[in-house]
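Trainee:
Number of protein chains: 2
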Amino acid sequence: MAKYIVVGGVAGGATAAARLRRLDEGAEIILVERGGDISFANCGLPYYVGGVIPRQEDLLVMTPAKFRGLFHVDVRVQSEVIKVDTAARQVIIRHGEEEYPESYDALLLSPGAQPLRPPIPGIDHERIVTLRNVPDAAVLKKLAGDYPQGRAVVVGGGFIGVEAAENLQAQGLSVTLVEAAPHILAPFDTDMAALAEAELRQNGVKLLLEQGVQEFLHHEDGTIGVKIPQEVLTADFVVLAIGVRPDTVFLQDSGIKLGERGHILVDEYMQTSAPAVFAVGDAVMTFDGLTGKKAALPLAGPANRQGRLAADNIAGKKRKYAGVVGSSVLKVFSLTAAATGKNERALQKAGLVYGKDYRYTITYPNDHASYYPQAEPFALKVLFSLQDGKVLGAQAIGKKGVDKRIDVLAAVLRLGGTVYDLEDLELAYAPPFSSAKDPVNMAGYYGDNILQGLTNPLLPAELAAEQERGALIIDVRPPEMFAAGHVEGAINIPAAKMREQLDKLDKKRPLVVICKIGMNGYFMERMLKQSGFEVRNMMGGFTYLQGILP
Amino acid sequence: MAKYIVVGGVAGGATAAARLRRLDEGAEIILVERGGDISFANCGLPYYVGGVIPRQEDLLVMTPAKFRGLFHVDVRVQSEVIKVDTAARQVIIRHGEEEYPESYDALLLSPGAQPLRPPIPGIDHERIVTLRNVPDAAVLKKLAGDYPQGRAVVVGGGFIGVEAAENLQAQGLSVTLVEAAPHILAPFDTDMAALAEAELRQNGVKLLLEQGVQEFLHHEDGTIGVKIPQEVLTADFVVLAIGVRPDTVFLQDSGIKLGERGHILVDEYMQTSAPAVFAVGDAVMTFDGLTGKKAALPLAGPANRQGRLAADNIAGKKRKYAGVVGSSVLKVFSLTAAATGKNERALQKAGLVYGKDYRYTITYPNDHASYYPQAEPFALKVLFSLQDGKVLGAQAIGKKGVDKRIDVLAAVLRLGGTVYDLEDLELAYAPPFSSAKDPVNMAGYYGDNILQGLTNPLLPAELAAEQERGALIIDVRPPEMFAAGHVEGAINIPAAKMREQLDKLDKKRPLVVICKIGMNGYFMERMLKQSGFEVRNMMGGFTYLQGILP
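Just so you know, the protein sequences line up as chains A and B, in that order.
According to the UniProt record's numbering, the residues represented by the first sequence are 1 to 550, in order.
According to the UniProt record's numbering, the residues represented by the second sequence are 1 to 550, in order.
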């Protein structure tokens, strides 16, 4: 009878234990969890704090008792593995005062990650809290209740920080979100993150970007002073959401290879450097499914996938992980923001150059047919390789239909698809759900046009250079839109009138056309180019220039 | 200067004309449309009838004037091509009384399809109408207004029939939907279509299946008698939605090769048998993207895709169509029903056998995390090949999240993906949008388990045979669920108690386990099998047996 020990009972660990049982009914399976809960809904914690998820027990997807009953797994909560001896195939478990050894035939590590608490002066304060587990959420919910009209400072603009900010603000607190980077939500490029930032601000969240916290001051009245370069914010409590680090201190002398930042290194079978020891979830360093390079992605989806694969491999199957893609989504008040694959920052970090190695499309499609009620536009950015047209990443933000398109793009990306494949997708269409040319198809058409040289869209950052070299800026929107705002120096020739005006334009002067969202401008770009003009169309039109949703 | 004629100004034709202009600014482009409108929203017609789309002009996505202005296309509405002379490269156009020739360098045919009006006695009656274009919709809307509490009979349970039935019923009419086949919505298998039928009935639509209309009686009071085998229905008006046939009578003497049912035969470049003549849309016979066999699919998405490709090919590019997949979606009151690829009927028609060539999974996932408010279960069926695991088709029905999953599956299917790929998809997850294991991942896991022989789910149709050979039926749901209804003869052993009861079970007797949706049953199947029992799990649990949503 084989004996398996699983360390960590959330996401990857719980998944692995259950799968192991299904593959090996005869095995002894011990699930060791440091906290009091297993398989809890950690992605739901901000929503419990906000009251959207009303009861704490709603977060407990699976209790130790249910798990024992259904899977016959020896669940040991409040139990911590403090040492791993890979030579002896044995762990030491601490439960309260007691410490005892437990041997294994295979060990699966899913210890997860801990919230970062950097050594900022004054950070140790009972009202400077993190949000990682159910007790954390209970503490934060109590704080929010204790200061019903209070001031909260959230430090960190990642997913948890933004979700926490929304959930606190929506309860009537005044929330300030402090982010050290120039933009929140690292999976998104600056242009897309700006839309989420605008939504936060519009809903009353005060956003302070490029502001690192220098010190926390403990005021006598019990409030906390959050010292940032320009000011000291006063807070009734502070939520730290700066990020996480692998919870792997207990492995330091185990001989299991760890990465620089403490991640457990695993191969494509989720196996560590030690025999019969596997690892999954937030604590592991695995690989990027696109590039094959080392990558860590502390998200629930990959953790679950890895847990299942590790169990398969422990049970003797040989199954490879496909690597991480980096798909994510979050709600930001009335908006959905979703992303998959690489953003520009990631591509550039990998040495890829815009215009040489990759380009992207910006479109503002409606989530469904515009003539059917309640259609809402969203912003869609698709990045692709200039070598082979491969989809490298995508980001979308808007009210509706965003998660659908990003999931479709995530599927294409996983399967190594190109912008040509996006064109060929036959997606389900009826007016309440999409358009006959789905936004994903349209992005494919656009990318294909770029690859074929049919269009050479201008980026907002490139506009100044065009102006400097004397380009004539033609705004092709209707006069009333032009009157409401336009690029300085632009003239207005509505698209439908352009052909009549051609002979008045100087063929020696380069042109830039700007429309509302980039579509009519493209039509004009095609016409003008074939009529002998040097012309570029402003990507995403005036909407993208302004950095707003249509 | 090249001269292009496009016949038909909706979907494929309009798309092609606009694309041609962008590729060839110098060309003369003539768009000939028999009706008064181009590029109208024909998929929106039922919703205009129902008042969901309030104004007729909302349906006119693009007017002839706008199209002329933006694309410099010579739009000729109320003009019909009555003859094509491919040798002389010339068409004859009829406009009112006038007939005149027009030559072309390339001809693009997008004539669309006509609603079928089979020769049923009495079918010619001003209140027996079809729904294909804006004037049709105006007539039907007027009829609905003329008989505000009236009785409408819809003949045909395809997409348009169901959408028309919903939109009439929702306005207060009493609608009877008559369908000659055993089930409505041909893209769906019987098991899935039943869920849509239940929704129609629950909303007051009277459904009569396997009822062909034998005669229409013209009553003296102006009502119509719809004679079906068992009875005569009385209707204030009748909507015929039996299907469409290619509108290609004008091509009969052209030498352009047509299929048996009048479809224009095209190659993968959308070219017809005649030089410089291309065709797209509802009127063409193209090919199946999965099998390569001839296929016609009169839907807006493929029409648009084909229109663009044909324009590219006319303009000298060589671009191949990827073939039709068969993706569709519709709203049925509060439900969404969507499908992609092949259903069982189609597979069996192609000679594939369940259990030998293909199998499928049935799951009832929530659209998003169950602990986040307003999660709704949907039914998901995924068909896959037993040879290589390739996804062959998928169908889903439920309140939310249905279109998203079918689009993801449509993407995987288009790219030739397998159930293993479904497992590896990294889809965007946060509690309001999905689960850490997305429904598509779960279907992949299930399919993989079947392929590996980890499970051998029993179909409802196979249950009787198991009972006959003396299988013990064990319902593993909680006692209160068992008490509320169960399979006759089943005993109740809740899943969590099963291991304690093992020694009371006879290892020589085959077992069938049934749970609520097929999940706990699978856990029990694994356990029992490894404990020496012969056991099968009921696919989709008691829910699938009952043919309902959870």
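Every residue, glycine too, gets a C-beta built ideally from N, C-alpha and C.
List, in chain order, every chain A residue whose beta-carbon is nearer than 8 Å to that of residue 555 (chain B).
Mentor: Absent from the model: residue 555 (chain B). The displayed extent of chain B is 1 to 550, so no value can be given.
Trainee: Give me the chain B residues within the contact set of residue 328 (chain A), using Cβ-Cβ distance strictly less than 8 Å, ordered along the chain.
Mentor: Neighbours of residue 328 (chain A) on chain B, chain order: 428, 429 and 430.
Trainee: To the nearest angstrom, how far is the alpha carbon of residue 318 (chain A) from that of residue 269 (chain A)?
Mentor: So the alpha carbons of these two residues sit roughly 7 Å apart.
Trainee: By the DSSP assignment, the alpha helix (DSSP H) with residue 422 (chain A) in it spans what residues?
Mentor: It spans 419-424 - the alpha helix (DSSP H) in which residue 422 (chain A) sits, taken as one unbroken run.
Trainee: Excluding the 5 residues preceding and the 5 following residue 129 (chain A) in the sequence, name in chain order all residues of the same chain whose CB lies nearer than 8 Å to its CB.
Mentor: Same-chain partners within the cutoff: 136, 139, 140, 143, 237, 238, 239 and 240.
Trainee: Does the count of Cβ pairs from the segment 71-88 of chain A and the segment 43-53 of chain A closer than 8 Å reach three?
Mentor: Counting Cβ pairs under 8 Å, fewer than three are found: no touch.
Trainee: Is the Cβ-Cβ distance between residue 153 (chain A) and residue 428 (chain B) less than 8 Å?
Mentor: For residue 153 (chain A) and residue 428 (chain B), no; Cβs fall outside 8 Å.
Trainee: What does a CB cutoff of less than 8 Å around residue 304 (chain B) pick up in its chain, not counting 5 residues either side in sequence?
Mentor: So the list reads 11, 12 and 15, once near-sequence residues are dropped.
Trainee: Under DSSP, the beta strand (DSSP E) around residue 21 (chain B) begins and ends at which residues?
Mentor: Segment 12-23 is the alpha helix (DSSP H) holding residue 21 (chain B); no beta strand (DSSP E) there.
Trainee: Are the C-beta of residue 304 (chain A) and some C-beta of chain B separated by less than 8 Å?
Mentor: Closer than 8 Å to some Cβ of chain B, the Cβ of residue 304 (chain A) qualifies, so yes.
Trainee: At a CB distance below 8 Å, what residues from the segment 333-362 of chain A approach chain B? Give them in sequence order.
Mentor: Cβ contacts with chain B: 336, 338, 339 and 340.
Trainee: Where do the ends of the alpha helix (DSSP H) carrying residue 406 (chain A) lie?
Mentor: 402-414 is the span of the alpha helix (DSSP H), which, as asked, contains residue 406 (chain A).
Trainee: Using a 10 Å radius around the Cβ and a threshold of 16 neighbouring Cβ atoms, would you call residue 218 (chain A) buried or exposed?
Mentor: Burial call: exposed.
Trainee: Given a cut-off of 8 Å on the beta-carbon distance, is the pair residue 211 (chain A) and residue 227 (chain A) in contact?
Mentor: No, Cβ-Cβ distance for residue 211 (chain A) and residue 227 (chain A) is not below 8 Å.
Trainee: What does a CB cutoff of less than 6 Å around residue 53 (chain B) pick up in its chain, not counting 5 residues either side in sequence?
Mentor: Correct list, in chain order: 44 and 47.
Trainee: Do residue 69 (chain A) and residue 33 (chain A) come within 8 Å of each other at the CB atom, strictly closer than that value?
Mentor: Going by C-beta atoms, residue 33 (chain A) is not nearer than 8 Å to residue 69 (chain A).
Trainee: Is the beta carbon of residue 479 (chain A) closer than 8 Å to that of residue 537 (chain A)?
Mentor: Taking 8 Å as the Cβ cut-off, residue 537 (chain A) and residue 479 (chain A) do not qualify as a contacting pair.
Trainee: I believe residue 326 (chain B) touches residue 316 (chain B) by the beta-carbon criterion, under 8 Å. Please report the beta-carbon distance rounded to the nearest angstrom.
Mentor: Rounded, the Cβ-Cβ distance is 31 Å, inconsistent with contact.
Trainee: Verify whether the separation of the beta carbon atoms of residue 276 (chain B) and residue 74 (chain B) is less than 8 Å.
Mentor: No; because the gap between Cβ atoms is not below 8 Å, this pair is not in contact.
Trainee: Which residues mark the beginning and the end of the alpha helix (DSSP H) in which residue 302 (chain B) is found?
Mentor: Residue 302 (chain B) -> alpha helix (DSSP H) spans 300-314.
Trainee: Could you list which residues in chain B have their beta carbon closer than 8 Å to that of residue 531 (chain A), in chain order?
Mentor: Those are 25, listed as they occur along chain B.
Trainee: Tell me, please, whether the CB atom of residue 118 (chain B) is closer than 8 Å to any CB atom in chain A?
Mentor: Residue 118 (chain B) does not count as touching chain A.
Trainee: List in chain order: all unbroken alpha helix (DSSP H) runs of 4+ residues lying wholly within the segment 227-281 of chain A.
Mentor: Runs of the alpha helix (DSSP H) inside the segment 227-281 of chain A: none found.
Trainee: Relative to the C-alpha of residue 357 (chain B), which candidate in B:516, B:387 and B:162 has its C-alpha closest?
Mentor: When only C-alpha atoms are compared, the closest one is B:387.
Trainee: Could you pull out every unbroken beta strand (DSSP E) segment of at least 3 residues lying fully inside the segment 142-220 of chain A, listed in chain order?
Mentor: Listed in chain order, the complete beta strand (DSSP E) runs (minimum 3 residues) inside the segment 142-220 of chain A are 151-155, 174-178, 206-208 and 215-218.
Trainee: Taking residue 417 (chain B) as the reference, which of B:444, B:313 and B:398 has the closest Cα?
Mentor: Nearest C-alpha to residue 417 (chain B): B:444.
Trainee: Is the segment 281-289 of chain B close to the segment 244-253 of chain B, with three or more CB pairs under 8 Å?
Mentor: With the cut-off at 8 Å, the segment 281-289 of chain B and the segment 244-253 of chain B touch.
Trainee: Does residue 384 (chain B) come out as helix, strand or coil in the three-state DSSP assignment?
Mentor: Of the three classes helix, strand and coil, the one that applies to residue 384 (chain B) here is strand, per DSSP.
Trainee: Counting only beta-carbon atoms, is residue 43 (chain A) nearer than 8 Å to chain B?
Mentor: Chain B contact via Cβ: present.
Trainee: Looking at the C-beta of residue 406 (chain A), does it have a partner C-beta in chain B at a distance below 8 Å?
Mentor: It does; some Cβ of chain B falls within 8 Å.
Trainee: Interface residues of chain B around residue 520 (chain A) at Cβ under 9 Å?
Mentor: Simply 70.
Trainee: How would you label residue 552 (chain A), buried or exposed, when you count the other beta carbons within 10 angstroms and need 16 or more for buried?
Mentor: The requested residue 552 (chain A) does not occur in the structure, where chain A is confined to residues 1 to 550.
Trainee: Going by DSSP, what residue range makes up the beta strand (DSSP E) through residue 475 (chain A)?
Mentor: Unbroken beta strand (DSSP E) run through residue 475 (chain A): 472-475.
Trainee: Would you grab the beta carbon distance between residue 475 (chain B) and residue 486 (chain B) for me? Rounded to a whole angstrom, and I think it's under 8 Å.
Mentor: Between residue 486 (chain B) and residue 475 (chain B) the Cβ distance is about 5 Å, and since that is below 8 Å, they are a contact.
Trainee: May I ask you to list the residues that DSSP assigns as paired with residue 122 (chain A)?
Mentor: DSSP lists no partner for residue 122 (chain A).
Trainee: For residue 392 (chain B), which residues does DSSP report across the bridge?
Mentor: Residue 392 (chain B) pairs with nothing; no bridge assigned.
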